[in-house]
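First residue of the sequence shown: 1, per the working numbering; consecutive thereafter. We put the CB at the ideal spot given by N, CA and C, even for glycine.
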Amino acid sequence: MAAEKNIRQPGENIPRHIAIILDGNGRWAKRRGLPRTAGHAAGSENFRKIATYCKNIGVDYLTVYAFSTENWKRPEDEVKTIMRLLRRYLNEAIDTMERDQIRMKIFGDVQGLSPELRELVKKTDEISQRYQGFQANICLNYGGRDEIVHAARHYAEDYAAGRTEGELTEAQFGGYLYSAGIPDPDLLIRPGGEQRISNFLLWQCAYAEFYFTDVLWPDFNTDELDKAIAAFQKRDRRYGGVK
Ligand code: FPP
1 MAAEKNIRQP
11 GENIPRHIAI
21 ILDGNGRWAK
31 RRGLPRTAGH
41 AAGSENFRKI
51 ATYCKNIGVD
61 YLTVYAFSTE
71 NWKRPEDEVK
81 TIMRLLRRYL
91 NEAIDTMERD
101 QIRMKIFGDV
111 QGLSPELREL
121 VKKTDEISQR
131 YQGFQANICL
141 NYGGRDEIVH
151 AARHYAEDYA
161 AGRTEGELTE
171 AQFGGYLYSA
181 GIPDPDLLIR
191 PGGEQRISNF
201 LLWQCAYAEF
211 YFTDVLWPDF
221 NTDELDKAIA
231 AFQKRDRRYG
241 GVK
């Protein structure tokens, strides 16, 4: 119901691409006397709601930071829970993406994931190729620096093999990133109280508007998203120029 109450009017300046760092799950659980893993379960559920809302209000791309290349350092049971939630989410998505016409892409080093997750990523990629429209990107085993190095290696391979020539441009380099073909985020949201980028979409966020809030990710509901969008709509985006 909350999502319907908040549906915005077409024609408003809705960011085309929203990126979110899903932070605060652990603290959300701790405040309720629950294990951290319960916070991740609540966070995963919230992702579903926010993704649906984004699709309904006309956002074209939603990219979330679910698991970084550094998150493997977390306790084993926490990593296992996050991977289980992701498997469950992708399995359910495979059943509903066609009905809801949703595209989904995983950004990150999939070689470092379990064979089961890799298979799910392959299936979501296949289904996504058949649609146009809203796209959710989940960053998984993702790091911004890792992505840039990965892209540079691929470019060097192509250059050495003569598959590309001339001076490398920014647009050309962007084609080697996980986000190839996707416009840069307009709005980057970080719930959970921290004000840093944490190795997320370092290349792509060059001109993103940042929005920070103390609200923890599992509590970041559609009203909170509306507040972030309202703040975005007041920003004066100059891209280094003047008006
Ligand atoms: C950060 O909160 C959250 C994570 C590292 C994991 C996020 C993963 C999910 C929500 C699960 C699956 C996701 C999807 C998209 C289906 P934190 O643990 O650092 O919180 P804290 O700062 O309060 O400790």
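Exposed unless 16 or more other CB atoms sit within 10 angstroms - verdict on residue i
i: Gln195; result: exposed
i: Leu187; result: buried
i: Ala156; result: exposed
i: Lys234; result: exposed
i: Trp72; result: exposed
i: Arg163; result: exposed
i: Glu4; result: With a pLDDT of 48 at Glu4, under the threshold of 50, the modelled position of this residue cannot be trusted, and the question is left open.
i: Glu277; result: There is no way to answer for residue 277, as the model of the chain reaches only from 1 to 243.
i: Leu22; result: buried
i: Thr169; result: exposed
i: Arg103; result: buried
i: Val242; result: exposed
i: Asn91; result: exposed
i: Thr96; result: exposed
i: Lys80; result: exposed
i: Val215; result: buried
i: Asp146; result: buried
i: Gly108; result: buried
i: Gln172; result: exposed
i: Ala206; result: exposed
i: Pro15; result: buried
i: Met1; result: Summary for Met1: the model assigns pLDDT 39, below 50, so the residue's position carries little reliability; its value from the coordinates is reported in the next sentence. When all chains shown are included, Met1 counts as exposed.
i: Ala161; result: exposed
i: Lys122; result: exposed
i: Ala151; result: buried
Under 8 angstroms between C-beta atoms of residue i and residue j
i: His251; j: Asp60; result: In the structure as shown, the chain starts at 1 and stops at 243, and residue 251 therefore has no counterpart that could be examined.
i: Thr63; j: Ala93; result: no
i: Cys139; j: Tyr53; result: no
i: Tyr142; j: Ser68; result: yes
i: Ile189; j: Ala230; result: no
i: Pro218; j: Gly26; result: no
i: Ala41; j: Leu85; result: yes
i: Gly24; j: Gly192; result: yes
i: Leu120; j: Arg87; result: yes
i: Gly144; j: Leu202; result: yes
i: Tyr89; j: Ser128; result: no
i: Asp223; j: Gln204; result: no
i: Asn46; j: Phe220; result: yes
i: Ala51; j: Ala136; result: yes
Any non-hydrogen atom of ligand 1 within 7 angstroms of residue i CB
i: Ser179; result: no
i: Ile138; result: yes
i: Ile94; result: no
i: Arg36; result: yes
i: Gly43; result: yes
i: Ile82; result: yes
i: Ala66; result: yes
i: Arg27; result: yes
i: Asn221; result: no
i: Gly24; result: yes
i: Phe200; result: no
i: His40; result: yes
i: Gly192; result: yes
i: Phe212; result: no
i: Tyr89; result: yes
i: Asn71; result: yes
i: Phe47; result: yes
Ligand 2 heavy atom lying under 7 angstroms from the CB of residue i
i: Leu86; result: As for ligand 2, it is missing from this structure, which binds only ligand 1.
Please give me, in chain order, every unbroken run of the alpha helix (DSSP H) with length at least 4 that falls completely inside the region 119-157. none
Within the region 47-117, ranges of the beta strand (DSSP E) (whole runs, at least 3 residues): 61-68, 103-107
If we require 4 or more residues per run, which alpha helix (DSSP H) segments fall completely within the region 193-240? Counting only runs of at least 4 residues, the region 193-240 fully encloses the following alpha helix (DSSP H) elements, listed from N- to C-terminal order: 222-234.
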